[in-house]
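Everything below concerns the one structure shown next.
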Amino acid sequence: MRSFVAVDLSEDLIPPVVDVQSQISEGKIKFVEPENLHFTLKFLGEITEQKAKDVLTKLKGICSSFKPFPILLKEVGVFPSLTYVKVIWVGVESEEFFTLSKLVDSGMGKLGFKQERNIVPHLTVGRVKAPGNKARFREQIKALQTIEIGEMMVDAVVLKKSELTRKGPIYTNIEEIPL
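So, in structure tokens, the structure goes:
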């Protein structure tokens, strides 16, 4: 099964994130559906049921060392750069979230998954297929760089299954691990 480790976006922050999406109109962009908004901590790819059990065991160990903590969603940015945009994201301000991300990456590395060099905690809000008028697109992104969307509590990590369909991905929670 195609899987990843995530933190779900709280329900009350979905409308302001959708509002941010609506302010970016330049270019051909595939926005993440509201019900699919989440913070990916680690993409695992195709894994077996046994590997999923190993992942859950490792995640439970990591999560046991955390208590619920707040994060602040602020600023809109892009990967890899404003001159060549592929992903539009909302940033996360929280030292605990960064630490959680690093520990999940390291823990999954011990299970044989490739580790990331530069972890940038973020909420993907869209994928750019074609930027359209690049100057106008950059203006729209720059206008959102100082936005503050809101705060939420991180109280669980979720192992999710991702099924790719013609209409887009369908995410199913395999197991939620509380902090």
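In this note's numbering, the protein residues as written are 51 to 229. Note that beta-carbon positions come from the ideal geometry of N, C-alpha and C, so glycine has one too. Remember, it's a predicted structure, so these values are computed and weren't measured experimentally.
Use the C-beta contact count for residue 74: other C-beta atoms within 10 angstroms, 16 or more gives buried, fewer gives exposed.
buried
Residue 65 - DSSP class collapsed to helix/strand/coil:
helix
In angstroms with no decimal places, state the Cα-to-Cα distance between residue 146 and residue 53.
The C-alpha of residue 53 is placed about 23 Å away from the C-alpha of residue 146.
Could you pull out every unbroken beta strand (DSSP E) segment of at least 3 residues lying fully inside the stretch 118 to 166, listed in chain order?
119 to 131 and 134 to 143
What are the residues that DSSP puts in a beta bridge with residue 206?
Partner(s): 228.
Taking all protein chains shown into account, do 16 or more other C-beta atoms lie within 10 angstroms of the C-beta of residue 262, making it buried, or fewer, making it exposed?
For the chain, the structure presents residues 51 to 229; residue 262 sits outside this window and is missing.
Inter-residue CB distance, residue 154 and residue 91 (contact presumed, cutoff 8 Å):
4 Å
Along the chain, where does the beta strand (DSSP E) containing residue 79 start, and where does it finish?
78 to 81
Residue 132 burial status per 10 Å Cβ neighbour count (16 or more: buried):
Around the C-beta of residue 132, fewer than 16 other C-beta atoms lie within 10 Å, and the residue is accordingly described as exposed.
8 Å contact criterion, which residue 56 and residue 81 should meet: CB distance rounded:
18 Å between Cβ atoms; not a contact.
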